[in-house]
Every structure is written in structure tokens, then in C-alpha cells.
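Visitor: Each residue of the sequence shown is one higher than the one before, starting from 1074 at the first, in the numbering used here.
Ideal Cβ positions, reconstructed from N, Cα and C, are used throughout, including at glycine.
Take a look at the following structure, please.
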Amino acid sequence: MYAFYNVIPQDKVIAETYSPVMVTKAVKNSKEQTLLKASHVQDAVALICYLVWLEKNVPKGTVDEFSGAQLLDTFRGKEKFSSGPSFQTISASGLNAALAHYSPSKEVHRKLTSDEMYLVDSGGQYWGGTTDITRTVHWGTPSAFQKEAYTRVLIGNIDLSRLIFPAGTSGPMLEAFARKALWEVGLNYGHGTGHGIGNFLCVHEWPVGFHSSGLTMGKGMFTSIEPGYYQDGEFGIRLEDVALVVEAKTKYPGTYLTFEVVTLVPYDRNLIDVRLLSPEQLQYLNRYYQTIREKVGPELEKRQLLEELKWLQQHTEPLSAKAPHTTFLASLLAASTLAILGWSV
């Protein structure tokens, strides 16, 4: 196509802008939205199965970046209407995670250990949609700096996800909200904050996102939200969700938009310093966890994945500013909730 465009004399070019087909494709209709959301439920099941498996097997010292990535592909491949990964999995342990787009190979890879962070950026192609998700975990005792960096990345994710903004706002005007918590302490990241997502198409769908594309955010668009932080030679953090642009409810009349996150996998509680979260951020996070329970829990139960269901319940317990980790009362409340819903643990 570029070859055809290139032979057109410049004085004959009427306008240099995006194809109307491209812009129309970026706005998903209600059916496409429903299918993509359903794909994220399936994707959550696959990734949760992988994370549960890692928790059990990483301490044995038998898992490496490459074998882990292959296993995740296997979990996704078991999902109905799965057509394989949407891109090569970024499975990065320790210092390799500081390389934002590192991918292991059969010949070059590192072991996963309980002493280091592990970053996994992956996605699947399903008949109903394309997924892209990044989670960073630590199975041991993270340093205070690692927890602070992780929590500030999480804050950036939350602040952008819950943002209400006027219709007609372009992505670059919003992007700083994902970086603010990092900037406040002199940290930053060197990649983009998000990109468009296709429906069983490209995992990076131009021109939606937070870059300088000139396209304004519009209702029905899907974008990733993926702030990060990378400490060269030590570790890397990225938290990536896919979100749908929807109308926002505001106190006064006006056309405003916000994001509805459709990715449904909890973050690592071991890396969250709840003291850094504002009450509003904490409330948002707990609401998100409740949504994960409601949408993914029944699917795990239906498939009799009870170990994974228990893991989900534990990792989505409400967080408290006074008690960042699981308490007896929270565990009791979680068990009561499961009993009411008829779930067994």
C-alpha cells in the first residue's frame, strides 16, 4: 500500500490523515465489545492456572523463562476458540525483566527463583478478541524499593484507569496520569503507556493509544494501559491491562469519558505497599477485585478448578490501609462469602 501512496504526486494528495476504515475499525460495536470481554474471562483462567502452577513449582528450581512461556501458551491453547498467542511471550526473570521487550529462547534463558521478580507479558488470540496482559510477581521477600516502585506503577495504572476526561481528549493529554506517581520520586519509564487492541486481529492496533497519533479517545475504543519501571541490571516492573473507553457518569451535565478495565487478573499482593495508596485508589482496587471475583470465579467453579478458585479468592480479598496482608477476619469473611455463593474451598 505504501508503494502505491509513494507514487502519488504531493500536489495531488488531498489530505494526509488516517483511513476512515482504520478509524471506524478502532471503534468496536456492542457485539465486538461483548466478545472481547468474554475472551478476557477465558484469558484470565489461563493466566491464573499458570500463576498457581508457578507458585508451586518455582521453589523447586525446575522452571526457567522459556519453559514457563511454553507452558503459558499451553494453558491458553486449552481455552475454547483459542488460536494461539497474540505475540511472543515476554517471560523475564530478575535482571532480564529490566529489558522491556526481552523474550527468552531455548538457548538463552534464566531460571525463575523465589528471590527475584518475574515479569510476564503475554496475550492470546481468540475468535472473539485479542488479549494482552502483563503481571509482575515476587514469590519471596521483595526489597522496600521494589515494593515502592511496584506500588507507584500500580498507582499510575489505577489513576489512568479511573480518570474522567472530556470527550475529544487526545491520548497524550492523558498519559501523564500514568507517570505522575513515579515522577514524584524521580522515577520514569521509557516506553509508551498504551496501544489499541484488535478483535482477533493485531495486538497493537493503530492509531488508538496514548501516543501522538492525533486521534482523540472515543467511546467503544479499546486500549492497553501499561505503566512500568525498570532498574537496569536488577529488575523490571510492568502492569498492563486492557480497557474500554466508556461514557462517564458525572455530577453535572456534559459528555465525559472514562475507562472500563476488562483484564481480570489480580496484582501481586506481596508487592503492594498499601500505605502509599490514597483512599480513592484503594477503593478502586477493591472494586476491581470484586469484579474479578464475580466474572472469573464462576468460570473456575464451572470447570472444577478449585485450587485456582481458592487462589483467586485469596488474591482478591479486600485490601485495608491498616492491614495490607491477609488477616484472620478477612479470611473468615472470604470463606463466608464462598459459602453463601455455594463455592467450596
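Here's the rule: buried if 16 or more other CB atoms are within 10 angstroms of the residue's CB, otherwise exposed. What is Q1354?
Guide: Within the sequence shown, residue 1354 is the residue found at index 281, counting from 1. Within 10 angstroms of the beta-carbon of Q1354 lie 16 or more other beta-carbons, which makes it buried.
Visitor: My assumption, with CB atoms under 8 Å, is that T1331 sits in contact with I1237. Please give the rounded CB distance.
Guide: Stepping through the sequence shown from its first residue, residue 1331 is reached at position 258. Stepping through the sequence shown from its first residue, residue 1237 is reached at position 164. Yes, they are in contact, since the Cβ atoms of T1331 and I1237 sit about 5 Å apart, within 8 Å.
Visitor: Please tell me whether I1270 and F1308 are closer than 8 Å, where the distance is taken between their beta carbons.
Guide: Locating residue 1270 in the sequence shown gives position 197, counting from the first residue. Locating residue 1308 in the sequence shown gives position 235, counting from the first residue. Contact: no.
Visitor: Taking only the alpha-carbon atoms, compute the straight-line gap between P1397 and P1215 and give it to the nearest angstrom.
Guide: Within the sequence shown, numbered from 1, the residue matching residue 1397 stands at position 324. Within the sequence shown, numbered from 1, the residue matching residue 1215 stands at position 142. Note that P1397 scores 44 on pLDDT, short of 50, meaning its location in the model is unreliable; the coordinates nonetheless yield the value given after this. Computed Cα separation, rounded: 15 Å.
Visitor: How is the alpha helix (DSSP H) around F1154 delimited, first residue to last?
Guide: Taking the sequence shown and counting its residues from 1, the one referred to as residue 1154 is at position 81. Where F1154 is concerned, there is no enclosing alpha helix (DSSP H), given that its DSSP letter is neither H nor E.
Visitor: Looking only at its chain, what residues have a beta carbon closer than 8 Å to the beta carbon of F1401, apart from the 5 residues adjacent to it on each side?
Guide: The residue labelled residue 1401 in the question sits at position 328 within the sequence shown. Here F1401 scores only 40 on pLDDT, less than 50, and its place in the model should not be relied on; the value that follows carries that caveat. Within the same chain, F1401 has no close Cβ partners at all.
Visitor: Can we say the region 1348-1363 touches the region 1141-1150, given the rule of at least three CB pairs closer than 8 Å?
Guide: no
Visitor: Using only alpha-carbon positions, find the residue among L1385, K1368 and L1233 that is nearest to F1250.
Guide: The residue you call residue 1250 lines up with position 177 of the sequence shown. Comparing Cα positions, the closest option is L1233.
Visitor: Ignore the nearest five residues each way along the sequence and tell me which others in S1156's own chain have a CB closer than 6 Å to its CB.
Guide: Sequence index remark: in the sequence shown, residue 1156 carries index 83 (1-based). Excluding residues within five positions, the ones whose Cβ falls inside 6 Å are Q1198.
Visitor: Have a look at T1336 and F1273 and give me their C-alpha separation to the nearest angstrom.
Guide: Taking the sequence shown and counting its residues from 1, one reaches residue 1336 at position 263. Taking the sequence shown and counting its residues from 1, one reaches residue 1273 at position 200. Taking the straight line joining both Cα atoms gives about 16 Å.
Visitor: Report the rounded CA-to-CA distance for L1349 versus D1084, giving the unit in angstroms.
Guide: Position 276 of the sequence shown holds residue 1349. Position 11 of the sequence shown holds residue 1084. Roughly 56 Å separates the two Cα atoms.
Visitor: Starting from the N-terminal side, write out each stretch of the beta strand (DSSP E) that is 3 residues or longer and does not extend beyond the region 1266-1312.
Guide: 1278-1282, 1295-1298, 1301-1304 and 1308-1311
Visitor: Considering only the alpha carbon of each residue, which of S1285, I1206, E1299 and V1281 lies closest to R1252?
Guide: Walking along the sequence shown from the start, residue 1252 turns up at place 179. Checking every option, the nearest Cα to that of R1252 belongs to E1299.
Visitor: Curious, which full-length beta strand (DSSP E) runs of at least 3 residues does the region 1167-1202 contain?
Guide: 1190-1195 and 1197-1199
Visitor: Taking DSSP's pairing of strands, which residues face L1330 in a bridge?
Guide: In the sequence shown, counting from the first residue as 1, residue 1330 sits at position 257. Per DSSP, F1238 and E1320.
Visitor: What does the alpha-carbon distance come out to for the pair N1343 and P1093?
Guide: Here residue 1343 is taken as the residue at index 270 of the sequence shown, counted from 1. Here residue 1093 is taken as the residue at index 20 of the sequence shown, counted from 1. Each residue's Cα considered, the two are about 46 Å apart.
Visitor: Which one of V1276, G1263, A1171 and S1243 has the shortest CA to CA distance from L1109?
Guide: Sequence index remark: in the sequence shown, residue 1109 carries index 36 (1-based). For L1109, the closest of V1276, G1263, A1171 and S1243 by C-alpha to C-alpha distance is V1276.
Visitor: Would you give the residue range spanned by the alpha helix (DSSP H) that I1121 belongs to?
Guide: What you label residue 1121 is simply residue 48 of the sequence shown in a count that begins at 1. S1103 to N1130 is the span of the alpha helix (DSSP H), which, as asked, contains I1121.
Visitor: Mapping the DSSP letters down to three states, classify T1204 as helix, strand or coil.
Guide: If you number the sequence shown from 1, residue 1204 lands on position 131. It is coil, neither helix nor strand.
Visitor: By the three-class DSSP mapping on this structure, what secondary structure does S1434 have?
Guide: The requested residue 1434 does not occur in the structure, where the chain is confined to residues 1074 to 1418.
Visitor: Under 7 Å Cβ to Cβ from T1289, same chain only, skipping five residues before and after it: list those, please.
Guide: Indexing the sequence shown from 1 puts residue 1289 at position 216. These residues qualify, in order along the chain: G1241, T1242 and S1243.
Visitor: Look up S1140 in the DSSP assignment and say whether it is helix, strand or coil.
Guide: What you label residue 1140 is simply residue 67 of the sequence shown in a count that begins at 1. Three-state result, S1140: helix.
Visitor: Buried or exposed: which applies to H1182, given that a residue is buried once 16 or more other Cβ atoms fall within 10 Å of its Cβ?
Guide: Residue 1182 sits at position 109 when you count from the first residue of the sequence shown. When all chains shown are included, H1182 counts as buried.
Visitor: Buried or exposed for S1195, going by 16 or more other Cβ atoms inside 10 Å?
Guide: Position 122 of the sequence shown holds residue 1195. With 16 or more Cβ atoms within 10 Å of its Cβ, S1195 is classed as buried.
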